[in-house]
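Beneath this line is the structure, given in structure tokens, with notes to follow.
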Amino acid sequence: MGHEISRLANGLIVITETMPHLETTSLGVWVGVGARHETLAENGISHFLEHMSFKGTASRSAQAIAEEIESVGGELNAATGLETTAYYARVLKGDEGLALDLLADILLNSSFAPDEMERERGVILQEIAATQDSPDDIAFELVNEVAYPDQAIGRPILGPAANVRGFAPSDLSHFLRSHYQPSKMVLAAAGAVRHDAFVRHAAALFGGLTSAGAAEEQRALYEGGVRWHQKRFEQSHLVLAYEGPSYRSEAYFTAQVFSGLFGGGMSSRLFQEAREKRGLCYSIYSSAWGLGDTGLFAVHAATGTELMGNLIDVTGAALEDVARNGPTVAELNRAKAQLKAGLLMSLESSSARAEQMARHMLVHGRVIESEELTAKVNAVSVEDVGAFAQRLLKSRPSVAVVGAGKASQRLASEAQARLTQGSVGLEARRA
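One point on numbering: in numbering that gives the first Met the number 0, the residue at position 381 of the sequence shown is 380, and numbering is uninterrupted.
Here it is, written out as structure tokens:
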């Protein structure tokens, strides 16, 4: 039936899509605020606020919130990112009104009770501690830090433990009032939902929300470099990253296609070269993600410390080969097919559709439909992918190595040197 859009008088966008074959509704509020909008002293507060939203309101305790959504078989959850925070629910047909009431209550009336805050502080500190037991989490945090040093987008979403220990209820209230503005919010629903009724209910709940002055966002500045961690794990983890395109750029689709053929599946260059032909690792993959004004293309792999040098060489050689010779037509078509299948299969889920609509409205101010998205994927050419690989090699890499103990520093520095030499060699051959 297609989506329908309404805008409340205060600027909050309401978007729905009826999916007549479903007996459930997925709905949520997506806020264009995340870790990127925090000061250094606030780092981690978006995530803390998300947790505390479920810990009681003026009229409901934390237990009452959980019991009310589960009494109708529903689910209620949230997630914090660099640029967005999402609060969402999934319920059976007919219960979307109850879910919307709960979402409005936790967003607009959270009490931030000191005793609840102390308990949740301990939970988040354990969450931070868990990341320090995860070598890939450490490696990605280090790569983000060196890619965007001294910037909010280079800091961990969870924040440092010292900040989490120091946040007070007044800090959460101030951040909420300053940043959670209707002009930055999208309420989306997909499934068994009727637009007009949903909009009326939303207006009654959210219509009184007002906007404060918009905070200025710091523009991203990619730098690149080397980071390492001397903690020893059973394997050494490598994350290699280059600056990629923003999700607002047409090149974003080229980055997605390139990532698919380079390290996106068992037929990809990296999987075939590093694992199947040489047995250098169990898994290796690439990813491309974007923000409003920048992005990262990253490769992650884990292997024995003694094999890391070979793994780096194979990765660099594979990237250089695509830059010099481009992909084959067969590779390109496989990557496009994987990307389109993933997109279309995910949209059979009401949750995925609600999220896509909300994110598109926050980013583009409109919903980009599947036909347009697949057309953009289809338009990516062999030449586009080769040129994209060349641009990666011309930029300064960001490298992180974790798990090799004291050898991590040496391996990270060697990785950057080898990859830089490869790009110099490519330029010399092209000249």
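Cβ coordinates follow ideal geometry from the N, Cα and C atoms, glycine included. Since the structure is predicted, the reported quantities are computational estimates derived from the model, not experimental observations.
Original post:
Which residues does DSSP pair with Met184 in a beta bridge?
Top reply: Val30
Original post:
Are there 16 or more other CB atoms within 10 angstroms of the CB of Lys92, so buried, or fewer, so exposed?
Top reply: exposed
Subject >> Beta-carbon contacts of His46 that lie in its chain and below 6 Å, excluding the five residues immediately before and after >> reply: Thr79, Ile156 and Leu157
Original post:
What's the call for Val142, buried or exposed, on a 16-neighbour Cβ count within 10 Å?
Top reply: buried
Subject >> Distance between Arg199 and Val192 (C-alpha atoms, nearest Å) >> reply: 13 Å
Subject >> Span separating the alpha-carbon of Ala63 from that of Ala146 >> reply: 43 Å
Original post:
For Met51 versus Leu171, is the C-beta distance shorter than 7 Å?
Top reply: Their beta carbons are under 7 Å apart, which means Met51 touches Leu171 by this criterion.
**OP:** Measure the alpha-carbon distance for Phe197 versus Arg118 and round it to whole angstroms.
**Re:** 35 Å
Original post:
DSSP puts Ala189 in a beta bridge; with which residues?
Top reply: For Ala189, the pairing in a beta bridge is given by DSSP as Glu16 and Ser25.
Original post:
From Glu354, Asn309, Glu41 and Ser110, pick the residue whose C-alpha is nearest to that of Leu237; which is it?
Top reply: Asn309
**OP:** Compare the beta carbon distance of Gly259 and Ala351 with 7 Å and say whether it is the shorter of the two.
**Re:** no
Original post:
If we count Cβ pairs, one from each stretch, closer than 8 Å, do we get three or more for the segment 347-367 versus the segment 3-16?
Top reply: yes
Original post:
The alpha helix (DSSP H) with Phe47 in it runs from where to where?
Top reply: Ile44 to Met51
**OP:** Measure how close the beta-carbons of Leu175 and Ala103 come, nearest whole angstrom, since I'm counting them as under 8 Å.
**Re:** With a Cβ gap of about 14 Å, Leu175 and Ala103 do not count as contacting.
Original post:
What's the gap between the Cα of Leu391 and the Cα of Asp136?
Top reply: 23 Å
**OP:** Taking 7 Å as the cut-off, decide whether the C-beta atoms of Ala151 and Ser177 are in contact.
**Re:** no
Original post:
Can you tell which of Phe257, Ile123, Gly262 and Thr314 has its C-alpha closest to the C-alpha of Val398?
Top reply: Distances from the alpha-carbon of Val398 to those of Phe257, Ile123, Gly262 and Thr314 put Thr314 closest.
Original post:
Any idea what DSSP makes of Tyr281, helix, strand or coil?
Top reply: Look at Tyr281 here: in three-state DSSP terms it is coil, with no helix or strand label.
Subject >> DSSP beta-bridge partners of Ser5 >> reply: Val13
**OP:** With a threshold of 6 Å, establish whether the CB of Val328 neighbours any heavy atom of the ligand SAH.
**Re:** The ligand SAH is not part of this structure, which contains no ligands at all.
**OP:** Tell me the start and end of each unbroken alpha helix (DSSP H) in the segment 259-326 that is at least 4 residues and wholly inside, in chain order.
**Re:** 307-324
Subject >> Chain-order list of residues whose beta-carbon lies under 6 Å from that of Ile12 (same chain, five-residue window excluded) >> reply: Arg6, Val185 and Met360
**OP:** Measuring alpha carbon to alpha carbon, tell me which of Ala316, Arg226 and Lys375 ends up nearest Leu418.
**Re:** Ala316
Original post:
Is it the case that the Cβ atoms of Leu381 and Leu331 are separated by a distance below 7 Å?
Top reply: Residue 381 is actually Val in this sequence, not Leu. Against a cut-off of 7 Å, the Cβ pair of Leu331 and Val381 comes out as a contact.
**OP:** Could you check if His363 is buried or exposed, using at least 16 other CB atoms within 10 Å of its CB as the buried criterion?
**Re:** Per the 10 Å Cβ criterion, exposed.
**OP:** Take Gln408 and list the residues in its own chain whose beta-carbon comes closer than 6 Å to its own, dropping the five residues that flank it on each side.
**Re:** Closer than 6 Å at the Cβ level, and outside the excluded window around Gln408, lie Trp227.
Subject >> Local conformation of Gln150 per DSSP, three classes >> reply: coil
**OP:** Could you tell me the distance, in whole angstroms, from the CA atom of Glu49 to the CA atom of Ala129?
**Re:** 19 Å
**OP:** Spatial neighbours of Ala34 within its chain, please: CB distance less than 6 Å, with the 5 preceding and 5 following residues excluded, ordered by chain position.
**Re:** Correct list, in chain order: Ser45, Leu81 and Ile156.
Original post:
Does DSSP classify Glu242 as helix, strand or coil?
Top reply: strand
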